[in-house]
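Down below is the structure, laid out as C-alpha cells.
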Amino acid sequence: MTLKLLPCISLLLITTAFAASNVVVSFADCPSCNTLKPAIQNVDDCPSCLALLSAFQSIALTGDDPFITTLTSLCIGLGTADPDVCTGLIAREGPILAHDLRSISITPTSSPSSTAQKLCDALMGMCVTHPVTAFTVPFPKPAPGHPKVFKSRGRTTLLWGDNIPPALISNGAWWNQTRGLE
C-alpha cells in the first residue's frame, strides 16, 4: 500500500490496516466508530472502498467538527498513533479531507465519479487506475498583430508617495535615513 497523500489520510490508511486485524476496541464516546470499524475491516476491493468513502462522506456532510471527532476517535481508539499526533494531524487536515469528501459523488451501487475511484486508487490501491482527465486551459485571446502605440501628450505624472510634506519630516530625516517620521 503506497501512501501518496496527506498525513491525515496516511493515518486513516494505517487505521484501516490496523483495524483489519482482530483487535477488540471499544468506542464508547464515538457511536459512529463502532459502525465504521467493520466497514474499515472489510475494505478489499473498489466497491468496498467506495462504500467506506461513502460512510466517511456521510459524516463529513454533518460538518467538520463531527468528522474530525470521528477520525480522531478512530485514530486514538485503534492506537494508530499517539493521541496528540492523532489530534493534531486530524485537526489540521481533517477539514480539507471533509471538504473534498463533500465535494465529490460517491455512490458505490450506481456509477461513482471518476474522482471517487481515483481517490480510492490513490488511498488504498483498490480501484482500476483511470487515465488523467483531459482539461483544456482557457487562455485569453491573442495579442493583436499591430498593437496600439501610445504617445505622450506632454503631461507629467506626480507620484504622491514621493511628496511628503516637509512639516511631517523631522530635521535631518530627509538625508539621514536613520531617523523616522514624527
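In the numbering used here, the protein residues as written are 159 to 340.
For each residue, glycine too, the CB sits at the ideal point set by N, CA and C.
Could you check where the alpha helix (DSSP H) with residue i kicks off and where it finishes?
i	result
I262	Where I262 is concerned, there is no enclosing alpha helix (DSSP H), given that its DSSP letter is neither H nor E.
Name the residue from the options whose alpha carbon lies nearest to the alpha carbon of residue i.
i	options	result
M282	T193, A209, G303	A209
T291	K276, P305, L219	K276
N192	S216, L211, D222, L232	L232
L259	D202, T294, V201, F225	F225
C285	A197, P196, V201	V201
I198	D222, R250, C244, L236	L236
R250	D223, T294, P205	D223
C204	T227, I234, S271, S261	S271
G246	K299, S261, T227	T227
State yes or no: is the C-beta of residue i within less than 8 Å of the C-beta of residue j?
i	j	result
A213	L194	yes
T287	D279	yes
L211	I264	yes
* Just list the alpha helix (DSSP H) runs in the region 210-292, keeping only unbroken ones of 4 residues or longer that don't cross its boundaries, in chain order. => Along the region 210-292, the alpha helix (DSSP H) occurs as fully enclosed runs of 4 or more residues at 222-235, 241-261, 272-282, listed in sequence order.
* Would you call the region 237-247 and the region 305-314 in contact, with 3 or more CB pairs under 8 Å? -> Segments in contact, no.
* Asked: Hey, is the region 214-229 in contact with the region 245-257, meaning 3+ C-beta pairs nearer than 8 Å?
  -> Judged by Cβ distances under 8 Å, the region 214-229 makes contact with the region 245-257, as three or more pairs qualify.
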